[in-house]
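Following: one structure in structure tokens, then a few remarks.
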Amino acid sequence: MAGLVGFRQLGLAFLLAHLADAPSGCGLDAAPVATKLPLLVYSHGFGGNADMASYFLSEVAAAGSVVAAVEHTDGTASNTVLEDGTALPFAPGRLSRREQLDRRADELVDVAKALRGADGLPPLGETFLGGHSYGGPSALLAASRFACAGFVLHDPALGMGYASEAAARTVSFTSDEYDAAGVRCGATFHCRGAFHGNFVDAPLWAPPWVMRPLSSVIPAAGPVDPSLAHAALAAAAVTFMRGDDVAPDGFFERRA
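Numbered per mature numbering (1 follows the signal peptide of the UniProt record, and there is no 0), the sequence shown spans residues -22 to -1, 1 to 234.
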């Protein structure tokens, strides 16, 4: 990860050392789950990858769900290695925008179908599709090809592609920037003090005294406590997937 975000090249990889000790929210050899858990198949954003939100999505899993982070092969992932060892570097111009969305949607559907029939997983409940940024329209398009129970979206970049009405129950969580831009999709909650990067692990890449000033250039970390934001977002996602309503509070401001 140090290499992916450029800190290794700058000689600042030590800033990421604290991640080795960061809690994931998961336990080793946990007791078998007696009840069915919702399955969330999640799409990363433009320039992201399956590891960009490892700690955040671990929180979502620990709150009571099964999460599958998909790494896309359409050229929008920061770096991807295929099963045969072939490396696919970031190449956003390899496919057209429509071809990218088609590829992403197909990959989400393939993963969802594969996991529904996989062995070794906890008992699965309903399947939900989710995504961050460009992963939002990717999930929405995938639902036209796969019957999902709903969507969990974070800063959905609706202007980047497929932006029709969601075909199932939808909850969206928006940052300060996306809220100011008027982004709405389904039941929409503005996360006060969150920036675009708060929906992935960006605020954890370095101490706050590094990430907060950096956020004046890129929206990596808002003023909200990143760990508390992740925990609240994880709990809200599982609440929604279990069929209950997300309640507004000091962090979640209902917009739609």
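Every residue gets a Cβ at the ideal spot worked out from N, C-alpha and C, and that includes glycine. It should be emphasised that the depicted structure is a prediction, and the values quoted were computed from it without experimental measurement.
task = May I ask which residues mark the beginning and end of the beta strand (DSSP E) holding Thr152?
result = 147 to 152
inquiry  = Closer than 8 angstroms is the cut-off here; do at least three beta carbon pairs connect the stretch 13 to 21 with the stretch 98 to 107?
reply    = yes
| task | Grab the span of the alpha helix (DSSP H) containing Ala212 for me, first residue to last. | result | 204 to 219
Going by alpha carbons, who is nearest to Thr166 out of Val216, Val87, Phe124, Val224?
Val224
Review point. Closest by CA to Thr217, which one among Val149, Gly71, Gln78?
Key: Of Val149, Gly71, Gln78, the residue nearest in Cα terms is Val149.
Minimum C-alpha distance to Arg123 - residue among Leu102, Thr152, Lys91, Ala135: Lys91
Worksheet entry | Sheet register partners of Pro67 (DSSP bridge) | Asn57
Hey, how far is the Cα of Leu66 from the Cα of Ala198?
Whole-angstrom Cα-Cα distance: 25 angstroms.
Given this structure, state the Cα-to-Cα distance separating Phe193 from Leu182, to the nearest angstrom.
A small correction: the amino acid at residue 193 is Ser; Phe does not occupy that position in the sequence shown. For Ser193 and Leu182, the distance between alpha carbons rounds to 13 angstroms.
**OP:** Would you mind stating whether Ala135 and Gly114 have Cβ atoms separated by less than 7 angstroms?
**Re:** Contact: yes.
ask   = DSSP puts Arg232 in a beta bridge; with which residues?
value = Under DSSP, Arg232 shares a beta bridge with Phe167.
- prompt: Quick one: Cα of Ser153 to Cα of Pro201, how far?
  reply: 11 angstroms
So what does Ala47 bridge to, in DSSP terms? Tyr20
Check: Mind checking Val87: buried by the 16 CB within 10 Å criterion, or exposed?
Finding: buried
>> Just to confirm the assignment, what range does the alpha helix (DSSP H) spanning Gly113 have?
In response: 113 to 120
Just confirm the distance between the C-beta atoms of Val130 and Met30, as a whole number of angstroms; I'd bet it's less than 8 angstroms.
-> Actually they do not touch by this definition, with Cβ atoms about 16 angstroms apart.
*Look at the Cβ atom of Ser36, then the Cβ atom of Ala83, and state whether they are nearer than 7 angstroms.*
no
For this session: Go to Val130, then tell me how far its beta strand (DSSP E) extends in each direction, as first and last residue.
Result: Looking at the DSSP string, the run of the beta strand (DSSP E) that includes Val130 is 128 to 132.
Top-ranked residue by Cα proximity to Ala213, from Arg162, Phe34, Thr51, Met138: Phe34
Which of the three DSSP states, helix, strand or coil, is assigned to Phe173?
coil
| request: Alpha carbon to alpha carbon, how far is Met189 from Gly63? Give it in angstroms, no decimals. | output: Spanning the two alpha carbons is a distance of roughly 33 angstroms.
Worksheet item: If Ala127 sits next to Ala146, beta carbons under 8 angstroms apart, how far is it from one beta carbon to the other, in whole angstroms?
Response: Taking a contact as a CB-CB distance under 8 angstroms, the pair Ala127 and Ala146 counts as one, their CB atoms being some 6 angstroms apart.
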